[in-house]
Structures are given as structure tokens and as C-alpha cells.
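S.K.: Residue numbers (the UniProt record's numbering): 1 to 197.
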């Protein structure tokens, strides 16, 4: 796995996860601080437990990226029965046509990541109908051998993966966010809604 891609993806997902939490209003705006990233203002939680959970998820994601066995991440906003109301989906697809000289300074990558964050702001009005007692979960789609390897990884023993037993169907409405290439991968991002926006 390309270490540059892994680092960029972790950084991007961290920004994305915190901003999704901010725009879905699962937590009050007072637990977020503003920062600059990708030449725009973004939000980051200052709540220790929220940050710890996200950081542990990102550490697990990094392990999946290192083994090149991550096909999808779903950041799900759930109701009090843990059923997804909104899913922010990140699909990863290996690009066989990758040219190492293309975007060598990552200018296009930064523009795409900025565009994703700006697109999140445009859908924030679609998230106003969420119930007040929402929570969130992060789902990683990988293969069984990677899951077993991570279960035996001493660096991740404090944060074991739990296999999801039931499959959730796609939600009713799909809203595309951004599709872009970053290093040797294509990333497709979109939101799925189960309620009227």
C-alpha cells in the first residue's frame, strides 16, 4: 500500500467524520472548534470520548489500508434502535491506470478533499429532520482474513472489531457527494437517507 495514500486518507477521513458529526448535530455545536484544512474552515470535536472513538476507528482503518483490504467505510447516523437513518459512504476502488507522475504535488487531491467538505455544508439542511436521540457507528467493509489479523494485533486489542450479523439494505435516497482519484485509488462518496429530506 502506498503510505502517502494511507496518510492522506486517514487525515481526510478524520476531517470528514468530525464535520459529519458537526453538520448532523448529534452533539451540540459547543463541543466543536474551528480549524483550517484544505484552505477552508472545518470543524473538530473537543470531546475526549468522541475523539478517542474516532481515533481508534482511524487506527483500525489505517491497518486495513496497509493491507489494501478496505473496500468501503460507512459512517452511519442511527436512531435509538441503532437503525441507520443516514449513511455517509466512502467506496475505495484500486485504479489500475494510476500514473505516479500525475498530481505529484497533491494539488488536485487537496482540491477534491476541499470540494467534498464544501459539499457537506450544502447538504446540512437535509439533515434537519433527524431525531434528537441519534447516535453514530462506523462500519468497515473488509475481508475475513484482515479482520482475523486485526483481532490478533496487540496494537488494536483495546478496540476489537465486531462483525455485523445483519445486513442493512441501501436506504431510500442517495445523494452523491464527490468522486475523485487520490494516488492509486478512486474514491466515491455519497450519502444515503432513509427519511424525507
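We put the beta carbon where it would ideally sit given N, CA and C, even for glycine.
Helix, strand or coil: which one does DSSP assign to residue 102?
M.R.: Residue 102 falls in the coil class under three-state DSSP.
S.K.: What residues in its chain sit with their C-beta under 6 Å from that of residue 72, if we drop five residues either side in the sequence?
M.R.: Within the same chain, residue 72 has close Cβ partners 91 and 141.
S.K.: Between the alpha carbons of residue 18 and residue 28, how many angstroms are there, rounded?
M.R.: Taking the straight line from one Cα to the other gives about 13 Å.
S.K.: How should residue 148 be labelled, buried or exposed, when 16 other C-beta atoms within 10 angstroms of its C-beta is the threshold for buried?
M.R.: Exposed, by the Cβ-count rule.
S.K.: What do you get for residue 183, buried or exposed, if any count of 16 or more other CB atoms within 10 angstroms of its CB means buried?
M.R.: With 16 or more other Cβ atoms within 10 Å, it is buried.
S.K.: Short of 7 Å in beta carbon distance, which residues of its chain neighbour residue 131, apart from the five on each side in sequence? Order them along the chain.
M.R.: Same-chain partners within the cutoff: 79.
S.K.: Which residue comes first and which comes last in the alpha helix (DSSP H) that contains residue 107?
M.R.: Taken as a continuous stretch (DSSP letters only), the alpha helix (DSSP H) holding residue 107 covers 107 to 123.
S.K.: Considering residue 68, what are the terminal residues of the alpha helix (DSSP H) in which it resides?
M.R.: It is not in any alpha helix (DSSP H) - residue 68 carries neither H nor E in the DSSP assignment.
S.K.: According to DSSP, is residue 179 part of a helix, a strand, or is it coil?
M.R.: It is a strand residue.
S.K.: Let's see if you can read the secondary structure: which residues bound the beta strand (DSSP E) around residue 33?
M.R.: Run containing residue 33: 32 to 37, per the beta strand (DSSP E) assignment.
S.K.: Using only CA atoms, which one of 46, 12 and 69 lies nearest to residue 144?
M.R.: Residue 144 has its Cα closest to that of 69, out of 46, 12 and 69.
S.K.: What's the call for residue 192, buried or exposed, on a 16-neighbour Cβ count within 10 Å?
M.R.: Buried, since its Cβ has 16 or more Cβ neighbours within 10 Å.
S.K.: Among 126, 40 and 26, which has the Cα closest to the Cα of residue 118?
M.R.: With distances taken between Cα atoms, residue 118 lies closest to 40.
S.K.: Return the Cβ separation of residue 115 and residue 178 in integer angstroms, given the expectation that the two are a contact with Cβ distance under 8 Å.
M.R.: Sure, about 6 Å apart at Cβ, within 8 Å.
S.K.: Starting from the C-beta of residue 54, find all residues in its chain whose C-beta is less than 6 Å away, skip the five residues before and the five after it, and write them out in chain order.
M.R.: Contacts found: 17.
S.K.: Would DSSP call residue 18 helix, strand or coil?
M.R.: Residue 18: helix per DSSP, three-state reduction.
S.K.: Report the option in 190, 84 and 20 whose CA atom is closest to the CA atom of residue 124.
M.R.: Among 190, 84 and 20, the Cα nearest to that of residue 124 belongs to 20.
S.K.: Would you mind working out which of 7, 122 and 138 sits nearest residue 66, comparing C-alpha positions?
M.R.: Comparing Cα-Cα distances from residue 66 to each of 7, 122 and 138, the minimum goes to 7.
S.K.: Out of curiosity, what's the CA-to-CA distance linking residue 187 and residue 120?
M.R.: For residue 187 and residue 120, the distance between alpha carbons rounds to 16 Å.
S.K.: If you draw a straight line from the C-alpha of residue 248 to the C-alpha of residue 152, how long is it?
M.R.: Any answer about residue 248 is impossible in this case: the structure gives the chain only from 1 up to 197.
S.K.: Measure the alpha-carbon distance for residue 45 versus residue 95 and round it to whole angstroms.
M.R.: The alpha-carbon atoms of residue 45 and residue 95 are separated by roughly 33 Å.
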